[in-house]
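These notes are about the structure you will find just below.
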Amino acid sequence: MTQIPEKMTLAEFEQRLPEFFATGTGSISDDPRLQAFLSENPDAAALVRDFESIVEAAKGLFEVGDAEPSDAVWQNIQNELKSAPPEDEGSGPAPATTPA
Amino acid sequence: MQETTNADLETAAAPIPAVAPPAKPNSGLFKRNPPIAGEADAIERAKNGDPDAFSKLYALHKRRVYTLCLRMLGNVSEAEDMTQEAFLHLFRKLGSFRGESAFSTWLHRLTVNLVLMHLRKKGLNLVSLEETINPSEEDAPKRDFGSRDPMLAGSVDRVALERAVATLPPGYRMVFVLHDVEGFEHNEIAAMLECSTGNSKSQLHKARLKLRELLRQTEQTAPPAQTKEAVQ
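Those protein sequences? They're chains H and Z, same order as listed. Each residue of the first sequence is one higher than the last, beginning at 2 in the working numbering. Each residue of the second sequence is one higher than the last, beginning at 6 in the working numbering.
Printed below as a string of structure tokens:
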């Protein structure tokens, strides 16, 4: 984990924040080494909490959303595969007519 | 649809190996890409030429691949084209998948590389991505230390975040999607985007700042009935 100086300005904190997030092992807002600084600087604490909320919500975006490609995509894949046989490296299968 | 040569595809896959070295599997991505029931069997059957097995792989992964393309490109038509390209490339390269990383991870890397190559073809190849992923000043997040900052009302709504991500400048969006959504490490992103690790961290920080700004705007303009206070 990155060394945290005893005294930091808000600007210095923001400058170091990407590194704190990149090298931290858990929640930054719970890091004991930052507690004094964050309690003295509510804007910094708010920024950290907001970033943590965004990061947490972003993990949820990894799960499949509602969006899916149109049927034309699979149709185009089939057409392409019919016209271009597989290369030697990938012994690809003949195209199926509909996705399973 | 844009023509893509096989040589181009090989180049696209070059920065990040399509199959991760066996000694260094990305444990984070393994955790986020648990095996799907029936997937291993479908992969083996598809490798052996079973067309139904390939269609099953398409059915299993089309939404994730498409969503990834859509998030990276922000454009439905291009996302569909790249989804098509990704599965065509998968079809050709499936034989080289050795199972040393999760299949989803392998497919995601393949897709990311194809999308990046597509973006370079659109013009980003003339200058390094290190420069071009930096958005213009007006798109940059506002530095608001020094004045009282209203923080977000609480946990971030996924739909609001999805919308905000879609409006990010492309460079910010790319790094945010790769790191915070897809789970790639900064060194992996740096290799894929051909930029420094520090640049990747910096872009991610700016992306989060910009998202915070966008989400706060959304909260401020939301009708009272949709605010958390009104609901509670």
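Ideal Cβ placement from N, Cα and C applies to all residues, glycine included.
Going along the chain, which residues of its own chain have a beta-carbon closer than 6 Å to the beta-carbon of residue i, five neighbours each way excluded?
| i | result |
| --- | --- |
| A171 (chain Z) | G79 |
| Q36 (chain H) | none |
| I29 (chain H) | F21, V49 |
| A73 (chain H) | none |
| K126 (chain Z) | none |
| E187 (chain Z) | none |
| L183 (chain Z) | F189, I194 |
| D185 (chain Z) | none |
Thinking C-alpha only, which one of the options is nearest residue i?
| i | options | result |
| --- | --- | --- |
| Q222 (chain Z) | Z:V182, Z:L166, Z:E85, Z:E105 | Z:L166 |
| I78 (chain H) | Z:L73, Z:S60, Z:L75, Z:L99 | Z:S60 |
| S71 (chain H) | Z:M77, Z:L73, Z:K67, Z:R76 | Z:K67 |
| L124 (chain Z) | Z:L112, Z:S101, Z:M197 | Z:M197 |
| Y63 (chain Z) | Z:T88, Z:S106, Z:A169 | Z:T88 |
| E49 (chain Z) | Z:F102, Z:D185, Z:S106, Z:K127 | Z:F102 |
| A107 (chain Z) | Z:A45, Z:D86, Z:S82 | Z:A45 |
| D57 (chain Z) | H:W75, H:P19, H:R17 | H:W75 |
Quick one: what's got a C-beta closer than 7 Å to residue i's C-beta in the same chain, skipping five residues either side?
| i | result |
| --- | --- |
| Y2 (chain Z) | With chain Z covering 6 to 237 only, the question about residue 2 (chain Z) has no answer from this structure. |
| E8 (chain Z) | Confidence in E8 (chain Z) is poor, its pLDDT being 44 and thus under 50, which makes the residue's placement unreliable; the coordinate value appears in the next sentence. Around E8 (chain Z): no qualifying Cβ. |
| E13 (chain H) | none |
| A84 (chain Z) | Y71, C74, L75, L78 |
| L39 (chain H) | S30, A45, A46, V49 |
| I5 (chain H) | R34, L35 |
Hey, would you say residue i sits closer than 9 Å to residue j, going by beta carbons?
| i | j | result |
| --- | --- | --- |
| D32 (chain H) | L11 (chain H) | no |
| A47 (chain H) | F181 (chain Z) | no |
| L65 (chain Z) | G100 (chain Z) | no |
| G61 (chain H) | R97 (chain Z) | no |
| K19 (chain H) | K206 (chain Z) | In the sequence as displayed, the identity of residue 19 (chain H) is Pro instead of Lys. Yes, the pair counts as a contact, with Cβ atoms nearer than the cut-off. |
Short of 8 Å in beta carbon distance, which residues of its chain neighbour residue i, apart from the five on each side in sequence? Order them along the chain.
| i | result |
| --- | --- |
| A91 (chain Z) | V70, C74, L112, L115, T116, L119 |
| V161 (chain Z) | L220 |
Task: Three CB pairs or more closer than 8 Å across the segment 52 to 59 of chain H and the segment 209 to 228 of chain Z - done: They touch, by the three-pair rule.
TODO: Please determine if the segment 64 to 77 of chain H and the segment 171 to 191 of chain Z are in contact, where contact requires at least 3 C-beta pairs separated by less than 8 Å.
DONE: Result no; under three Cβ-Cβ pairs closer than 8 Å.
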